[in-house]
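Residue numbers (UniProt numbering), protein chains in the order written: chain A, 1 to 432; chain B, 1 to 432; chain C, 1 to 432; chain D, 1 to 432.
Now the structure itself:
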């Protein structure tokens, strides 16, 4: 039997707290899970620094990846035998679902920002490069790795396949909302996925949802909205993120300035140089990063040592609301005050903003254009979600942004109470 | 106000998926949580290698420790104002609950076995040594660190206080059963803790449970039984444990033999020497260990490299049932066969056994003697649990043991099919 | 000890699937629960005809009433010792919470509509009349029954007390959303009540919510919105409601026309006469009503017999969307066609509309004016919810209405296929 | 297309709180659910008088019957294509599962006891008699109603089919444990049904369970054990049951004595006469029974009036432990004392016992012989459950019985404190 059709003698199941069980029957899927590149995802947290705010959020991208696979598997079981659905795409969909996050590195957000990387490029590189993943995919079929990469890259010609893992209601989002809600323990984030899966239907170029399931979709959109503001953008996690970013900046800066590290940043050198090899990239997981941070607590450079201590031992920056437009003058004054008290404002006075667009209809040509969710009416017509749902209509296209200014409250507090800079800083920060 | 009585201006809450919220009002508790020794527990998994079997089990000892604290806090709220309860013990109980696992190192079980350590000694050392934890405790009261250590060590004179975290139905066990069930996603492990907390009563030297709550206690005992055999002793996790232990053995052996490491086991040297300093111990967390394992995949020594690759990339040993008494001859033969095919049986043929005693009444003088659970009858008498409960009686004192033999199936399979050693090995292992 | 202060020797607990346990310590509360008027609530379903759509919704007003009591009990535990909170109001609040639905009759909605009753008048009458409830309340204090009635009637002078059970985020609504979601099994309807209870604060004339809990309140508002449209206004339940209403109409009409019942509507006579005594009202529960409906299946009057059969055996009317303004002409034509085929349109062609206002800010002077939910800012100011929450703002004050037309599809289908009236009726109903 | 193969155009789903959704595709099943005999199950509570102890337990046999159907449907989806499974039996299994409780009357237990009925006879009678159910079944196939009746009666030749709804681990038990746990809100009663369903396998004459699923089965057995003693045999529910039984006895006795009822027991006459017609039986639901009880509160006969008041308004008997063997003399004395104080002991001094056998292996020839649960080993052998499971072995075959004596504590308390009979009665009952 062709490798692509080989079934395991006995179905394998993973116990999963979110989907109860994850079922694997295909030899190919089983082999992909067993590769070192996939196992590596166990060493990368799904939510980066969020565990410092919600202590339950210690789950990895490994479990999320299995979850996305499982959701796609269930969707396809439902699609079986329906018009518009080509069963030959099944294995491609499953593989793309499983591997869609393969290129994530440790604390991706910060690394990508500082080193100008894109995890999607690395997903592609791992799938197409000289990896165990690639070897498994190549056995399936000539050109199969390329197809998987295209699906993840959203350039695959069959847009229905793409929409399974990249649309405003895809398997990726459904899994992470449910999973992150479960592990953080928050009470929002739940919605009736079973219902949504039952009413999903394949069309020519997209997945749609039967109109009778609209309310479950509304619930999903609202959950997403709440999760973004309650969990993903939580200011305490962002504080850790800010510190992490500044550590990376500092290491790079020190390296470029010829600083003599007690503990050389060997694993980071290719990142500094801007040419990260696949092997280097794969080797860098969160254990490695944390190892360095612990070591650097003992560096001579005070900024690096302090920031590494803060991150390792959770001594985070405090924050205040901060509106960038209104406060330019105050910002400059704060910046100067920090310099005067000997705190490098580059590292100790950091503004950070988060913004989210909970749902959007199609705005062709605009940046970040997004494909809308379509409902399938009983008569077979398509109806864009926000036209049918009052709730979704009311939040549709409304971008919300949150600005915060981060600073080390402990170091400010340590100054003598009557030092004028301290008084003025607290006044400007509104923390009298 | 004395430090011990200081309350936070605003109660702090941690969102917890198991207990919903963890509440902190005492400044002392808040300060303890903020210490670097307590934060370090975030870098040590609650269930060691279990995440390789149940992928959800990535939670840390940090969250468990908060959970035990919260349970004790709730018990004491219930005890408030009751006879036999001395409210002056409150802070001591809370601190001991929070800190009871402080001395756990990475993958404790294996480290303790190989290096003859006891995590309880380190808990004590951290509490009494020159640590941030000690500094906080000392501020409470002269001799307070010692008291906390005694409670955890079960030598504290007030046995009621001890029983809160060390008895057959203590806050420690209640938290880990519920928490581990939650994160693995298994359906056993649940019991009605709220009910048990409501019927707990303080007596002179122990916590007891009102007889009306007996069935909730039965349920707890059965959950415990199921969790041991389904989760804690799962043969796949034990396979990872076996490999881990063998890695540590190998490193020690190589070090002692003067082997030249590409990547020196610096963090392990004091472990080899048998005199681990507090600083070394605290610095060694799971990130550090995993860093070394990844590095050692490239060592010259084939055994070390292979075992580290297996652990890092989850290429575990297979196993078969193995009864030690009946198979001595076969064991010897297997041992020799492994040598013949070039697999060092010291590292590649490992027997491992697990055993559990689900509940026991008091057997004075016997090894591992355990204090029984007592029910409080409506008339005020005490009744030992197994005398009142048929179910508990039926499993009481019945130790169950499981023996398995672990080996690298992949390396055996690679041998030519007709090689006589391969045939005989498979025959002896019963894996024809 | 005064009756109002008497505590039970041992706290009583009710196992409750929604709040886990309901706790009773006051002798007064225990005695109220034991009265026949309160026990009668077991014989009245919380959701009327909804069990014919969601088969799990068979729960009674008894369990809801206990739930509201329990929520108020928890709120007051939190209020204890806070400014603005007068602990002397405690028992009054608990009693009012427990008894707020006492006057509900069987299938209240239909009975109130047909017989022009108001269940709130009966709540008042039971509390103030010669009932067991009144006897218990009178023992508490001279004038206590009157106070309880005023709280329920929203005329009590202390508006903080009133707001506990009658505001846009009161104990009544919180319980029924959670409870109805639990018993129907729908996945919306959940919100983090524990969080809301923790951030509720008493002010002079209302309960407010700390701003930090805003998102939990948003979630509550959204749950409420979803429950209304998914459950409470479900068109199938409304179909049963329509039939029920028409049965009552028919019985009244027949009675007034001097029709000779095989089974006399004895329990209904005082309802027809418009002067329902307290005893008659209390005696009429859903068992009694269902008894009559079963009996009337055998009446000579075909309409009554048919409608009773439909309700008893769930043979409901079908429905189509129906916009009242646009279809006057068609309505008249339909009406005439129904007459032509021998179906009395008064009973067999029924329009029904439902509408809901999910949340509203204060619109003084307008009909149904509602007190808004106020957030308490960290600085102690009040902020109306829709000004702080984008989500709530977006649905605030937006009334939504749904119109449906109900008819017996089975009786239409039975007509010969080519009968012109059948063809035209199906055309007008759009059910070709 | 033959009626037996007709599928609904669109699958129908029922929202179910226990199984999330209940799926119906077969026209036959849909038609069966719509019959008046099946809809009648909505008017019969699943747990009889248990709602007077656990207020959430107001669910009906209707929802349980749908649940059993759904479980069998899922089992058969799993059986599809497996050896030993004959797909032609599918509809028969589904119909038998749905209809297995059809013959239950109101408060079955008491009615069966007093009137010497067996609900299984009525299930058979409804399936085979002139009912809507029979009409639907007959359309499927000549002899189909008989087959369904045989399956429910356990006499059907294909024992595998029988075992789906009648064995020690059948769909009936699995549904009621989960459902009753859900509605009462107790925390036991849960087990991993999804796991059990996945490891069930058809054999020639029974369903078996793969050995790998043993622990889930253990959990199921333990849940069953806890539910029996915590819920089903709860002494308070049994108190209501005792009163109910005594009401029926009294009515019968009065009727036979020629008592002139104010409110004639018309619906009961055929029960008294011992020849209950199918129509009479079907008409008698719990609404009807409760209607009579309310009416009889006003009867002249004091015993009947009192007992009906007790049942309707939940004024139950108290109870004490009572061991029948040791207390004969005391029993006689109590009996006489009750007569002396004017309480007819026939109605006011009632002993009641409950007993349960949690699991049993096969004991051929013994009364109530039960087919054991068999595990399927990896090698294909069968292993009786209690031989593989320590836990099950330990409770296997151990019958446990509980005896209680019920009496009206309120009427005893009303006697003057020094009346010697009161003193002696309290002494004998041990309620000093």
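Beta carbons are placed, not taken as given, at the ideal position from N, Cα and C, and that holds for glycine. In this text the structure is predicted, and so the values were computed from the model without any measurement.
Cβ of residue 307 of chain C within 8 Å of Cβ of residue 347 of chain C?
-> yes
Name, in chain order, the residues that DSSP records as bridge partners for residue 404 of chain C.
-> C/321 and C/352
Using a Cβ-Cβ cut-off of 8 Å, state whether residue 58 of chain B counts as contacting chain G.
-> In the displayed structure, chain G is absent; the protein chains listed are A, B, C and D.
Heavy atom of the ligand ATP within 7 Å of residue 202 of chain B beta-carbon | With respect to the ligand ATP, the structure offers nothing, as it holds no ligand at all.
For residue 318 of chain C versus residue 407 of chain C, is the C-beta spacing smaller than 8 Å?
-> yes
Cβ neighbour criterion (16 or more within 10 Å) applied to residue 15 of chain C | buried
Per-residue burial, residue 298 of chain B [other beta carbons within 10 Å of its own, 16 or more giving buried] | exposed
Residue ranges of each beta strand (DSSP E) run of no fewer than 3 residues wholly in the stretch 259 to 323 of chain D, ordered along the chain?
-> 318 to 321
Taking only beta-carbon positions, decide if residue 63 of chain A is within less than 8 Å of chain B.
-> yes
Determine the burial state of residue 374 of chain B: buried for a count of at least 16 other Cβ atoms within 10 Å of its Cβ, exposed for fewer.
-> buried
Answer with buried or exposed for residue 131 of chain A, where buried requires no fewer than 16 other C-beta atoms within 10 angstroms of its C-beta.
-> buried
Separation of residue 235 of chain B from residue 300 of chain A, as counted between CA atoms | 47 Å
Let me know the secondary structure DSSP gives residue 375 of chain C once reduced to three states.
-> strand
Give a yes or no on whether 8 Å exceeds the smallest Cβ distance from residue 194 of chain B to chain C.
-> yes
Between residue 222 of chain C and chain A, is there a C-beta pair that is closer than 8 Å?
-> yes
Give every residue of the same chain whose Cβ lies closer than 6 Å to the Cβ of residue 49 of chain C, excluding the five residues on either side of it in the sequence, and list them in chain order.
-> 237, 240 and 241
Counted within 10 angstroms of its Cβ, other Cβ atoms place residue 123 of chain D as buried (16 or more) or exposed | buried
Euclidean distance between Cα positions of residue 445 of chain B and residue 273 of chain B | Here chain B has residues from 1 to 432 only, and residue 445 of chain B is not among them.
Answer with yes or no whether the minimum CB distance from residue 395 of chain A to chain C is below 8 Å.
-> yes
If I'm right that residue 55 of chain C touches residue 58 of chain D with Cβ under 8 Å, what's the distance once you round it to whole angstroms?
-> Not confirmed; about 12 Å, so no contact.
Contact set between the stretch 5 to 32 of chain C and chain D, restricted to residues whose Cβ is under 8 Å from the partner | 14, 15, 16, 17, 18 and 20
Below 7 Å between beta carbons is the criterion; list the residues of the stretch 174 to 206 of chain B that meet it against any residue of chain D, in chain order.
-> 187, 188, 190, 191 and 192
Indicate whether the contact test is met: 3 or more Cβ pairs, each with one atom in the stretch 335 to 343 of chain D and one in the stretch 253 to 261 of chain D, closer than 8 Å.
-> no
Using a Cβ-Cβ cut-off of 8 Å, state whether residue 291 of chain D counts as contacting chain C.
-> yes
Thinking C-beta only, is residue 223 of chain A closer than 8 Å to residue 177 of chain A?
-> yes
Got a sec, what are the start and stop residues for the beta strand (DSSP E) residue 215 of chain A sits in?
-> That residue, residue 215 of chain A, is in no beta strand (DSSP E); its alpha helix (DSSP H) goes 214 to 227.
Specify whether the stretch 201 to 211 of chain A and the stretch 373 to 390 of chain A touch according to this definition: at least 3 beta carbon pairs, one from each stretch, less than 8 Å apart.
-> yes
Can you tell which of D/229, D/221, D/190 and D/164 has its C-alpha closest to the C-alpha of residue 200 of chain D?
-> D/164
Shortest alpha-carbon distance to residue 172 of chain A belongs to which of A/44, A/141 and A/94?
-> A/94
How close, in whole Å, do the beta carbons of residue 283 of chain C and residue 89 of chain D come, if the pair is a contact with beta carbons under 8 Å?
-> The pair is not a contact, with the Cβ atoms about 51 Å apart (cut-off 8 Å).
Limits of the alpha helix (DSSP H) - the one that residue 23 of chain C falls within = Counting along the chain, residue 23 of chain C falls outside any alpha helix (DSSP H), though it belongs to the beta strand (DSSP E) covering 20 to 26.
Is it buried or exposed for residue 323 of chain D, if we count other Cβ within 10 angstroms and need 16 for buried?
-> exposed
When the Cβ atoms of the stretch 6 to 21 of chain A are set against those of the stretch 35 to 48 of chain A, are three or more pairs found closer than 8 Å?
-> no
If you draw a straight line from the alpha carbon of residue 391 of chain A to that of residue 217 of chain A, how long is it in whole angstroms?
-> 11 Å
Which first and last residues belong to the alpha helix (DSSP H) in which residue 410 of chain C is found?
-> 409 to 413
Any idea if residue 214 of chain C is buried or exposed, counting beta-carbon neighbours within 10 angstroms, 16 or more meaning buried?
-> buried
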